[in-house]
Amino acid sequence: MVVSSSSELGGSGCSASGCGSHSDALAHLPEAIRRKVQDHPCYSEQAHHHFARMHVAVAPACNIQCHYCNRKYDCANESRPGVVSELLTPDQAVRKVLAVAANIPQMTVLGIAGPGDPLANPERTFATFRKLTEQAPDIKLCVSTNGLALPQQIDELCRHNIDHVTITINCVDPDIGAEIYPWIFWNNRRIKGRKGAQILIEQQQKGLALLVARGILVKVNSVMIPGVNDQHLTEVSRVVKEKGAFLHNVMPLIAEPEHGTFYGVMGQRGPTHDELQALQDRCAGDMNMMRHCRQCRADAVGMLGEDRGAEFTLERVEEMTIDYPAAMVTRAAYQQQALATLAAQRQKSGEQAIALSSIGGRKAAPRPILMAVASSGGGVINQHFGHAHEFLIYEASATDVRFIGHRKVDPYCEGSSTCGEGEGALQRTLHALQGCEAVLCAKIGYEPWEALEQVGITPNGEYAMVPIEQAVAALYREMVAQGRADQRTTTTTLPLSA
Amino acid sequence: MAYQIVACCVNCWACEPLCPSRAIHAAQPHFLIDATRCSECDGEFADPQCASICPIEGAILDPEGNAANPPGSLTGIPPHRLPTVRAQIQAR
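Heads up: the sequence lines are chains A and B, in that order.
Numbering (this note's numbering) for the first sequence: 1 to 498.
Numbering (this note's numbering) for the second sequence: 1001 to 1092.
The following block contains the structure:
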């Protein structure tokens, strides 16, 4: 158990921004809330290494238009919110959930997140929840909404044993809202521009307060849109925290012309890694920030960052025989084991924090270093460099190891047939890892090893199967000992001043 | 007379549950309005419901055959201003 009130240089290594080496932003929350989220991959950074989630696409209709959304949601290849392959009826959805739960014991959470707005499809959404409460009582239910219909659906929502709700709140200022939401559908009319945005904001804030009053945990999602709401989101963070939201997830805008969204077609850019991180850090003064969101599809299945949806198509699910009572026994055993592993890793990183704080007493404190990690789950370094679809980014400093975010990449090596043809992919990966000074992976080939070294990133395969935070801390200590974490010398800036 | 859904419909389902006459049904390649059932929401709502929630400009025609949501009406940007707005957005 970590105590948040201990002094900055105290034995637990607590710093102001995060506690010890716990990159989990929830470490300081009351025990009751931590217990609610400890196995929820979308709410707890540590849990997302061990537990999986799924979304069922039962809610197609939407009551607002967002400029980052294209209502033509049917696509197999895009991975972003609001996209699905097949729409399900509540009965089909329940069957799919049971099939996934029986086959993926780490799946603890079922969310409804579209592809439209769940609360704009109350019959389909609540029928699904009702049936699942009866047939799969061991699965947590959540819902993600734009908030417009939240106040009017709150009673029905509370009837379904839902203890997590996510509201997407991009602004609390209707002038900014008018730049993001061209219209809403409200009281049987379309309401455009600022007036519509104002109603949406009012309903979101009212819904947030109502949920908090009923003891439901609320996460707020915000899409960072450069030049539109990027400066404003610190204000949003402050307001939603004041109202009782317990976690804020600032996500980068996804906008490509081929997505057919207004922003994509008009050439609105998304934020850079640095802009996103800087904003998340600014908001973190006010609020618990979530940094591990993978912005998944409205029909995603599996661990965050992976999608096993193709294994559970309607056709395949129909053919499966499911003994759910038996599956519940297996699931409970697996989940208990995962929680024990998590607790052990937490214990280990607690010890790590003490060790790290001991290197802080030098004349000049070593500077923080960004490291990229290849992991396929379980909270340990266990993935081959060339097999990674994403790298987790950690910042190690004299006081703690903290999780910063993830960077998506195309795997350098997609198996024997394409191996060695991945030069373009390797270049893109190097670009994605900009700012990192080390890569921790289970194994790495000669060619990428050299390429990484050439751009000043140290490849490391020494910590295979070691818990991530422990490995990052250990490598950081090595780098400090080698003098590589000394404050940057002025050599690189000399040409500028000359 | 009736409203009509045409080819640029993206099958998003938004209109279907709103129709007071249950005149809209899912079909391929796109949703359809049963002309014999459509009441144009007359006496039910001030605005025709399908056309008030449809997110696609031009996907629903009014009884006169005109786009219920003409170009620029849903993005809020009239077509002649598109180049200017695009330049502003790209400068962000």
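All C-beta atoms, glycine included, are put in the ideal place defined by N, C-alpha and C.
**Nearest residue (CA-CA) to leucine 233 of chain A, options A:Gly193, A:Cys69, A:Met107, A:Gln277** = By one-based count along the first sequence, residue 233 of chain A stands at place 233. Closest option to leucine 233 of chain A, Cα to Cα, is A:Gln277.
**Asked** What is the DSSP secondary structure of serine 237 of chain A, reduced to helix, strand or coil?
**Response** Position 237 of the first sequence holds residue 237 of chain A. Helix, per DSSP.
**Request:** Could you work out which residue in A:Gly285, A:Pro174, A:His67 is closest to histidine 259 of chain A when comparing CA atoms only?
**Result:** Against the first sequence, residue 259 of chain A aligns to sequence position 259. Of the listed residues, the one whose Cα sits closest to histidine 259 of chain A is A:His67.
**Boundaries of the beta strand (DSSP E) in which methionine 1001 of chain B is found, first to last residue** = As a working note, residue 1001 of chain B is residue 1 in the second sequence. Looking at the DSSP string, methionine 1001 of chain B is not in any beta strand (DSSP E), and its letter there is neither H nor E.
**Request:** Please decide whether aspartate 1034 of chain B counts as near chain A, where near means a Cβ-Cβ distance under 8 Å.
**Result:** Numbered from its first residue, the second sequence carries residue 1034 of chain B at position 34. False, the Cβ-Cβ gap to chain A never drops below 8 Å.
**Prompt:** Within this structure, are the beta carbons of alanine 327 of chain A and alanine 101 of chain A separated by less than 8 Å?
**Reply:** The residue labelled residue 327 of chain A in the question sits at position 327 within the first sequence. The residue labelled residue 101 of chain A in the question sits at position 101 within the first sequence. Cβ distance < 8 Å, so alanine 327 of chain A and alanine 101 of chain A count as in contact.
**Item:** Interface residues of the segment 1048-1065 of chain B facing chain A [CB-CB below 8 Å]
**Value:** Taking 8 Å as the Cβ-Cβ cut-off against chain A, the residues of the segment 1048-1065 of chain B that qualify are Gln1049, Ser1052, Ile1053, Pro1055, Ile1056.
**Prompt:** Which whole-angstrom value describes the C-beta separation of histidine 160 of chain A and phenylalanine 185 of chain A, a residue pair presumed to lie in contact below a C-beta threshold of 8 Å?
**Reply:** Taking the first residue of the first sequence as 1, we reach residue 160 of chain A at position 160. Taking the first residue of the first sequence as 1, we reach residue 185 of chain A at position 185. Histidine 160 of chain A to phenylalanine 185 of chain A, Cβ: 24 Å. No contact.
**Prompt:** Mind pulling the beta strand (DSSP E) runs of 3 or more residues that sit fully within the segment 222-309 of chain A?
**Reply:** Here the runs fully enclosed are 247-252.
**Request:** Output, in chain order, the set of chain B residues within a Cβ distance shorter than 9 Å of alanine 61 of chain A.
**Result:** Residue mapping note: residue 61 of chain A aligns to position 61 of the first sequence, counting from 1. Cys1012, Trp1013, Ala1014, Cys1015, Glu1016, Pro1017, Leu1018, Ile1053, listed in chain order.
**Prompt:** From what residue to what residue does the beta strand (DSSP E) around threonine 502 of chain A run?
**Reply:** Because chain A is modelled from 1 through 498, residue 502 of chain A falls outside the range shown and cannot be assessed.
**Prompt:** If you compare alpha carbons, which of A:Asp155, A:His164, A:Arg189, A:Gln198 is closest to isoleucine 176 of chain A?
**Reply:** Here residue 176 of chain A is taken as the residue at index 176 of the first sequence, counted from 1. When only C-alpha atoms are compared, the closest one is A:Gln198.
**Prompt:** Where are the alpha helix (DSSP H) runs, 4 residues long or more, that stay fully inside the segment 1031-1081 of chain B, in chain order?
**Reply:** Correct list: 1049-1053.
**Item:** Beta bridge counterpart(s) of tryptophan 186 of chain A as assigned by DSSP
**Value:** Working through the first sequence from its first residue, we reach residue 186 of chain A at position 186. A:Arg189, per the DSSP bridge assignment.
**Prompt:** Does the beta-carbon of cysteine 1008 of chain B have 16 or more other beta-carbons within 10 angstroms, so that it is buried, or is it exposed?
**Reply:** The residue given as residue 1008 of chain B occupies position 8 in the second sequence. Counting Cβ neighbours within 10 Å, cysteine 1008 of chain B comes out exposed, since fewer than 16 surround it.
**Request:** Run down chain A in chain order and give the residues with a C-beta less than 9 Å from the C-beta of arginine 1022 of chain B.
**Result:** Within the second sequence, residue 1022 of chain B is the residue found at index 22, counting from 1. Neighbours of arginine 1022 of chain B on chain A: none; closest Cβ ~14 Å, over 9 Å.
**Request:** May I ask you to report which of helix, strand or coil DSSP gives histidine 431 of chain A?
**Result:** Position 431 of the first sequence, counted from the start, is the residue given in the question as residue 431 of chain A. Histidine 431 of chain A falls in the helix class under three-state DSSP.
**Request:** Reducing DSSP to helix, strand and coil, say where leucine 110 of chain A ends up.
**Result:** Position 110 of the first sequence, counted from the first residue, corresponds to residue 110 of chain A. Here leucine 110 of chain A carries a strand assignment [DSSP, helix/strand/coil].
**Asked** What are the partner residues of tyrosine 394 of chain A, as DSSP defines its beta bridges?
**Response** Position 394 of the first sequence, counting from 1, holds the residue named residue 394 of chain A. Beta-bridge pairing links tyrosine 394 of chain A to A:Met371, A:Phe403.
**Asked** Does the separation of the CB atoms of aspartate 299 of chain A and valine 97 of chain A fall below 8 Å?
**Response** Locating residue 299 of chain A in the first sequence gives position 299, counting from the first residue. Locating residue 97 of chain A in the first sequence gives position 97, counting from the first residue. The answer is no: Cβ separation not under 8 Å.
**Request:** At 4 residues or longer, and completely inside the segment 458-493 of chain A: list those alpha helix (DSSP H) runs for me, N to C.
**Result:** Here the runs fully enclosed are 468-481.
**Request:** Compare the C-alpha of glutamate 86 of chain A against each of A:Pro60, A:Pro459, A:Arg238 and name the closest.
**Result:** As a first step, residue 86 of chain A must be located in the first sequence, where it is residue number 86. Nearest of A:Pro60, A:Pro459, A:Arg238 to glutamate 86 of chain A, Cα basis: A:Pro60.
**Prompt:** List, in order along the chain, the chain B residues whose C-beta lies closer than 8 Å to that of glutamine 65 of chain A?
**Reply:** The residue you call residue 65 of chain A lines up with position 65 of the first sequence. Within 8 Å Cβ-Cβ: Pro1055, Leu1074.
**Request:** Return the bridge partner residues of glutamine 65 of chain A from the DSSP annotation.
**Result:** As a working mapping, residue 65 of chain A is identified with position 65 in the first sequence. Residue pairing from DSSP places glutamine 65 of chain A in a beta bridge opposite A:Trp183.
**Asked** By Cβ distance, which residues of its chain are closer than 7 Å to asparagine 382 of chain A, with the 5 residues on each side in sequence left out?
**Response** Translated into the one-based positions of the first sequence, residue 382 of chain A becomes position 382. The answer, listed in chain order, is Ser375, Ser376, Ala442, Ala464, Met465.
**Prompt:** Relative to the C-alpha of valine 109 of chain A, which residue among A:Pro368, A:Gly379, A:Arg331, A:Asn460 is closest?
**Reply:** As a first step, residue 109 of chain A is located in the first sequence; it is residue number 109 there, counting from the start. When C-alpha distances from valine 109 of chain A are compared across A:Pro368, A:Gly379, A:Arg331, A:Asn460, the shortest belongs to A:Arg331.
**Prompt:** Between arginine 190 of chain A and serine 1052 of chain B, is the Cβ-Cβ spacing less than 8 Å?
**Reply:** Here residue 190 of chain A is taken as the residue at index 190 of the first sequence, counted from 1. Here residue 1052 of chain B is taken as the residue at index 52 of the second sequence, counted from 1. The beta carbons of arginine 190 of chain A and serine 1052 of chain B sit closer together than 8 Å.
**contact_flag[the segment 46-56 of chain A, the segment 341-349 of chain A] where n(CB pairs < 8 Å) is 3 or more** = The answer is yes - the segment 341-349 of chain A touches the segment 46-56 of chain A, with three or more Cβ pairs under 8 Å.
**Interface partners of methionine 266 of chain A on chain B, CB under 8 Å** = What you label residue 266 of chain A is simply residue 266 of the first sequence in a count that begins at 1. In chain order: Val1085, Arg1086, Ile1089, Gln1090.
**Asked** To the nearest angstrom, how far is it from the Cα of glycine 285 of chain A to the Cα of asparagine 146 of chain A?
**Response** Walking along the first sequence from the start, residue 285 of chain A turns up at place 285. Walking along the first sequence from the start, residue 146 of chain A turns up at place 146. Per the coordinates, the alpha-carbon of glycine 285 of chain A lies some 25 Å from the alpha-carbon of asparagine 146 of chain A.
**Message:** Any C-beta of chain D within less than 8 Å: which residues of the segment 191-219 of chain A qualify?
**Reply:** Given the protein chain composition of this structure (A and B), no chain D is represented.
**Asked** Hey, does phenylalanine 1031 of chain B have any beta-carbon neighbour from chain A nearer than 8 Å?
**Response** Within the second sequence, the letter at position 31 stands for residue 1031 of chain B. Residue-level contact check: phenylalanine 1031 of chain B does not touch chain A, since none of the beta carbons of chain A fall below 8 Å from its beta carbon.
**Request:** With 8 Å as the threshold, decide whether the Cβ of glycine 270 of chain A is near any Cβ in chain B.
**Result:** Along the first sequence, one-based indexing puts residue 270 of chain A at 270. Put simply, the CB of glycine 270 of chain A is far from chain B, with every gap to its CB atoms at 8 Å or more.
**Message:** Measuring CB atoms only, is the segment 1070-1082 of chain B touching the segment 1027-1044 of chain B, in the sense that at least three cross pairs come out at less than 8 Å?
**Reply:** With the cut-off at 8 Å, the segment 1070-1082 of chain B and the segment 1027-1044 of chain B do not touch.
**Item:** Per DSSP, cross-strand counterpart(s) of valine 220 of chain A
**Value:** By 1-based counting over the first sequence, the position of residue 220 of chain A is 220. Bridge partners of valine 220 of chain A: A:Ile167, A:His248.
**Request:** Could you check if cysteine 1015 of chain B is buried or exposed, using at least 16 other CB atoms within 10 Å of its CB as the buried criterion?
**Result:** The residue labelled residue 1015 of chain B in the question sits at position 15 within the second sequence. Burial call: buried.
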